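For the protein sequence lines, the chains are A and B, in the order given. Residue numbers for the first sequence follow this note's numbering, beginning at 1 and rising by one. Residue numbers for the second sequence follow this note's numbering, beginning at 1001 and rising by one. Read through the structure below, which is laid out as structure tokens, and then see the notes.
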Amino acid sequence: MTGAFSRLEFDPLLDDPDTRVLVCCGSGGVGKTTTAAALALRAAERGRRVVVLTIDPARRLAQSLGLRELDNHPREVVVEGFEPKGELFAMMLDMRRTFDDMVLTHAGRDRADQILSNPFYQTISSSFSGTQEYMAMEKLGQLVAQDEWDLIVVDTPPSRSALDFLDAPQRLSTVLDGKFIRMLSAPARASGRGLMKIVGTGFSLFTRAVSTIVGGQLLQDASTFVQAFDSMFGGFRERAQRTYELLRSPGTGFVVVAAAEPDALREASYFVERLSAEGMPLCGLVANRTHPVLAGDLPAAKALAAADDLDRSGEAPLAAAVLRLHADRVAVADREKRLLARFTRAHPGVPLVGVPALPADVHDLDGLREIGRRLAGE
Amino acid sequence: MTSWTEELTRARLHVVSGKGGTGKTTVAAALALALATGGRRVLLVEVEGRQGIAQLFDRPPLPYSEERIAAAPGGGEVHALAVDAEAALLEYLAMFYNLGFAGRTLRKMGAIEFATTLAPGLRDVLLTGKVKECVNRTGPDGRHLYDAVVLDAPPTGRVVKFLDVTKAMADLAKVGPIKGQSEGVVRLLHSGDTAVHLVALLEEMPVRETLDAVAELDAADLRPGAVLVNRVQPERLPARSIPVAAEGRVDGSRVRDGLASAGLDLDEFTLEGLVDETVEHAIRVRSQQEAMELLRESDLPTIDLPELTDGVDVAALYELAEVLVAAGVR
Chain A
1 MTGAFSRLEF DPLLDDPDTR VLVCCGSGGV GKTTTAAALA LRAAERGRRV VVLTIDPARR
61 LAQSLGLREL DNHPREVVVE GFEPKGELFA MMLDMRRTFD DMVLTHAGRD RADQILSNPF
121 YQTISSSFSG TQEYMAMEKL GQLVAQDEWD LIVVDTPPSR SALDFLDAPQ RLSTVLDGKF
181 IRMLSAPARA SGRGLMKIVG TGFSLFTRAV STIVGGQLLQ DASTFVQAFD SMFGGFRERA
241 QRTYELLRSP GTGFVVVAAA EPDALREASY FVERLSAEGM PLCGLVANRT HPVLAGDLPA
301 AKALAAADDL DRSGEAPLAA AVLRLHADRV AVADREKRLL ARFTRAHPGV PLVGVPALPA
361 DVHDLDGLRE IGRRLAGE
Chain B
1001 MTSWTEELTR ARLHVVSGKG GTGKTTVAAA LALALATGGR RVLLVEVEGR QGIAQLFDRP
1061 PLPYSEERIA AAPGGGEVHA LAVDAEAALL EYLAMFYNLG FAGRTLRKMG AIEFATTLAP
1121 GLRDVLLTGK VKECVNRTGP DGRHLYDAVV LDAPPTGRVV KFLDVTKAMA DLAKVGPIKG
1181 QSEGVVRLLH SGDTAVHLVA LLEEMPVRET LDAVAELDAA DLRPGAVLVN RVQPERLPAR
1241 SIPVAAEGRV DGSRVRDGLA SAGLDLDEFT LEGLVDETVE HAIRVRSQQE AMELLRESDL
1301 PTIDLPELTD GVDVAALYEL AEVLVAAGVR
């Protein structure tokens, strides 16, 4: 690798009792969930009592952790032959149930029923774009409050941008707490404050247009929902704020996961800058699924020239193939190194570790353990 | 393996979907270039607010207007449009309610965000409505302005919901201008003018998701087009060596002798490295073959696009477009 970079050392981090929360983030498809699971497994085998919160694990990965259903509670990972020095728990996030539980906790029984049966609530709790992120944070807050684990490893939702994890909760409360929705719920009060005057006739025309498009019933439901929800808002925001503070506390660390691809590294850059702007603790970057050259002493050009020789003579087709696949690998590795060096130049202080790709999918604890070894640089 | 069919040649709207991370946008752009090859005019549309097209063509973010972004071989041209739901809603309101003037205020109040994020289906109706308008638009000579429109659509998990405007419409508009507009969209999307292509990688999960998407499209009476297999790695080993090598059995001494006959005298360590690389290559090729086998179940035309070791830049898009043209895309 060109340029200086510090190596991200996971073992000291996992062993440190002051490390309480690790958040694995990055853009979609980079292997966040697998990384989170592998780190949790390694920490448990090194003696910690760990819970890993996964968001949307691939079926095989879920099975490897013994997770068969989404029941929204941590379960101890029980797999034959698995006897870690510490303990490992795993869970999958059920976003709808987390939201429902939150409503039940915060609103009285009657009001909770009213909210849960509102169609507008059902839309928000199942399909609003920020709900999954919000609920992941909420669940993290709950796990911390339960105080049963000494390390919590969190996976983040598969959004296209890593920043969504930090921004989405804010967006949700902006919508729920926005001026527009307030006006819908209490047009009279809003007009009293003069908001109607600002917008003038445009507003009433707009509500009319919107109700033509989305249906008057939806506006009605929204209004009922906001009124019922009103008393909860305080607790809601406060909670989000507390979780946000937790993310900034010294026991928390962010692990940014990226593939050695331009898009994923661009997202990782944004995220790293954002974390530093927010004063959130960054552990470092995991460059996932790299393809380092295993026969480093043989230059690609030399390998290709030799392969051409062999092809001409028609001898040794196996050796010729080996040389060509080696040259392919050198090209891929060079490109990955170039991209990572560019990241390092832009963010010289960020520790980094490359995790060589496994040739096949992970489908059991052995596979996760192997990734853990690679994460730790073994 | 079949490639581009006569039926696909007649399609005017090419929807491109695929599991996240499969290179959907890249393939959509290459497909637009391929369709434009030989002098046609093609519009490439994105709907997810990612500005993926601009990044791919190394340009500043696209405004909400159709811009020419590339020339295709043989005098063709590709234009691009990033459709934004908020802008589409404002355009729509301006068109039907003469409300354009209040747009900025409404946006500041969060009204536009409210309407487009919370009303189920409204966003999709607006986006597909804009796409339909582009497909049907005619020039002064009365002919279609674009010979083809390529839509970089949402990923497979959401694409059927996105395209199934019938359902969204039933939820929303029972009367009013949006009803007429949606009916036109439904007609277009379910007609032979539209094909939904799926981008896949030769790995188990993406292939399974592709097969699920084909079933979903069929169930919704939408037409699956071709499967565009991205990042296919070259198979370097002789076919008969692959299964053995994937099991970890590579005859090191045979490799060493072969290398020696080409004048390469390598140390033990390098030789071991080469053998390990060979085993990994064989495992990848084997799982690639298994994925290909699984993909055959879909019984759709399939086109392989090679892995580009130097990464994707504008030149690489032309390279992929050439592969598509060679496979019969027109």
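Glycine included, C-beta positions come from ideal geometry on N, C-alpha and C. Note that the coordinates shown come from a computational prediction; the quantities given were computed from them, not determined experimentally.
Which residue comes first and which comes last in the beta strand (DSSP E) that contains residue i?
i	result
B/L1306	First, the residue type needs correcting, since residue 1306 of chain B is Pro and not Leu in the sequence shown. Looking at the DSSP string, the run of the beta strand (DSSP E) that includes B/P1306 is T1302 to P1306.
B/V1329	No beta strand (DSSP E) holds B/V1329; DSSP gives it neither H nor E.
B/E1272	First-last for B/E1272: E1268 to L1295, but that is the alpha helix (DSSP H), not the beta strand (DSSP E).
B/R1331	For chain B, the structure presents residues 1001 to 1330; residue 1331 of chain B sits outside this window and is missing.
A/E278	Per DSSP, A/E278 belongs to no beta strand (DSSP E); it is in the alpha helix (DSSP H), P262 to E278.
A/F254	T252 to A259
A/E87	E87 to M92
B/L1126	First-last for B/L1126: L1122 to N1136, but that is the alpha helix (DSSP H), not the beta strand (DSSP E).
A/V78	Run containing A/V78: none; DSSP gives neither H nor E here.
A/L22	V21 to C25
Mind checking residue i: buried by the 16 CB within 10 Å criterion, or exposed?
i	result
A/H347	buried
A/G28	buried
B/S1253	exposed
A/T19	buried
B/G1273	buried
B/M1001	Because the pLDDT at B/M1001 is just 47, under 50, the model does not fix this residue reliably, and the point stays unresolved.
A/V23	buried
B/E1007	exposed
A/V79	exposed
B/A1011	buried
B/E1209	buried
A/L365	buried
A/G194	At A/G194, the pLDDT of 41 sits below 50, so the modelled position is not reliable; the number obtained from the coordinates is stated separately. Answer is exposed; the Cβ neighbour count stays below 16.
A/H73	exposed
A/K337	buried
A/G81	exposed
A/V293	buried
B/F1269	exposed
If you follow the alpha helix (DSSP H) that residue i is part of, which residue opens it and which one closes it?
i	result
A/A295	Here A/A295 belongs to no alpha helix (DSSP H), and DSSP marks it neither H nor E.
A/D334	P317 to A346
A/R68	No alpha helix (DSSP H) holds A/R68; DSSP gives it neither H nor E.
B/E1322	V1314 to A1326
A/T54	Careful: A/T54 lies outside any alpha helix (DSSP H), inside the beta strand (DSSP E) at R49 to T54.
A/G354	Careful: A/G354 lies outside any alpha helix (DSSP H), inside the beta strand (DSSP E) at L352 to P356.
B/T1309	No alpha helix (DSSP H) contains B/T1309, which DSSP labels as neither H nor E.
A/L13	F10 to D15
A/V110	With the sequence shown as reference, residue 110 of chain A is identified as Asp, and Val is not the correct amino acid for it. That run of the alpha helix (DSSP H) goes R109 to L116.
A/L163	First-last for A/L163: undefined, no H or E at that position.
A/F82	Segment: none, A/F82 is in no alpha helix (DSSP H) and carries neither H nor E.
Scan the stretch 1263 to 1277 of chain B for residues whose Cβ lies nearer than 9 Å to a Cβ of chain A and list them as they occur along the chain.
G1263, L1264, L1266, D1267, F1269, T1270, L1271, E1272, G1273, L1274, V1275, D1276 and E1277
Any residues in the stretch 1284 to 1311 of chain B with a beta carbon nearer than 8 Å to a beta carbon of chain A? Which ones, in chain order?
R1284, S1287, T1309, D1310 and G1311
Can you give, in chain order, each stretch of the beta strand (DSSP E) that sits fully within the stretch 134 to 158 of chain A and has at least 3 residues?
DSSP runs (the beta strand (DSSP E)) wholly in the stretch 134 to 158 of chain A: 151 to 155.
Touching or not, the stretch 1256 to 1269 of chain B and the stretch 290 to 310 of chain A, by the rule of three or more beta carbon pairs under 8 Å?
yes
Give, in chain order, every residue of the stretch 249 to 263 of chain A whose Cβ lies closer than 7 Å to some Cβ of chain B.
Those residues of the stretch 249 to 263 of chain A that come within reach of chain B (Cβ to Cβ, closer than 7 Å) are P262.
Decide if the stretch 35 to 53 of chain A is in contact with the stretch 139 to 158 of chain A; the criterion is three or more beta carbon pairs, one per stretch, under 8 Å apart.
yes
What are the residues in the stretch 1183 to 1194 of chain B lying within 7 Å of chain A by C-beta distance?
none
Just by C-beta distance, which residues in the stretch 15 to 43 of chain A are closer than 9 Å to chain B?
Listed in chain order, the positions of the stretch 15 to 43 of chain A with a beta carbon within less than 9 Å of a beta carbon of chain B are S27, G28, G29 and V30.
Every unbroken alpha helix (DSSP H) inside the stretch 1018 to 1096 of chain B [4 residues or more]
1024 to 1036 and 1052 to 1056
Segment contact, 8 Å Cβ cut-off, at least three pairs: the stretch 1191 to 1208 of chain B with the stretch 279 to 296 of chain A
no
Report the residue ranges of all beta strand (DSSP E) runs contained in full by the stretch 1145 to 1169 of chain B; include only those spanning at least 3 residues, in chain order.
Correct list: 1148 to 1152.
Do the stretch 242 to 262 of chain A and the stretch 316 to 327 of chain A touch if we need at least three Cβ pairs shorter than 8 Å?
no
Under 8 Å, with one C-beta from each stretch per pair, do the stretch 1230 to 1248 of chain B and the stretch 1283 to 1290 of chain B reach the 3-pair mark?
yes
Could you tell me whether the stretch 335 to 346 of chain A touches the stretch 1287 to 1298 of chain B, where touching means 3 or more Cβ pairs closer than 8 Å?
no
Residues of the stretch 319 to 333 of chain A with a CB closer than 8 Å to any CB of chain B: list them in chain order, please.
Listed by position, the residues of the stretch 319 to 333 of chain A near chain B (Cβ gap below 8 Å) are A319, A320, A321, V322, L323, R324, L325, H326, D328, R329, A331 and V332.
For the stretch 1013 to 1029 of chain B against the stretch 1143 to 1154 of chain B, are there 3 or more C-beta pairs whose distance is under 8 Å?
Output reads yes: the stretch 1143 to 1154 of chain B touches the stretch 1013 to 1029 of chain B.
Got a sec: which bits of the stretch 1004 to 1027 of chain B sit with their beta carbon under 7 Å from any beta carbon on chain A, in order along the chain?
Cβ contacts with chain A: G1020 and G1021.
Should the stretch 1084 to 1093 of chain B be regarded as contacting the stretch 1184 to 1200 of chain B, the criterion being three or more beta carbon pairs within less than 8 Å?
Segment contact: the stretch 1084 to 1093 of chain B against the stretch 1184 to 1200 of chain B, fewer than three CB-CB distances shorter than 8 Å; contact not assigned.
Decide yes or no for the touch test of the stretch 1077 to 1084 of chain B against the stretch 1041 to 1061 of chain B: beta carbon pairs closer than 8 Å, at least 3 of them.
yes
Contact residues within the stretch 334 to 364 of chain A, judged by C-beta distance below 7 Å to chain B:
R335, P359, A360 and D361
Given 8 Å as the limit, is there contact between the stretch 1300 to 1311 of chain B and the stretch 352 to 363 of chain A, that is, 3 or more CB pairs closer than that?
no
Unbroken stretches of the beta strand (DSSP E), 3 residues or longer, contained in the stretch 1195 to 1253 of chain B:
Fully enclosed beta strand (DSSP E) runs of 3 or longer: 1224 to 1232.
Interface positions of the stretch 281 to 305 of chain A facing chain B (Cβ-Cβ less than 9 Å), listed along the chain:
H291, V293, L294, A295, G296, D297, L298, K302, A303 and A305
Taking any Cβ of chain B, which residues in the stretch 51 to 74 of chain A have a Cβ under 8 Å from it, in chain order?
A58
Which residues of the stretch 1125 to 1156 of chain B have a Cβ closer than 7 Å to any Cβ of chain A? Give them in chain order.
none
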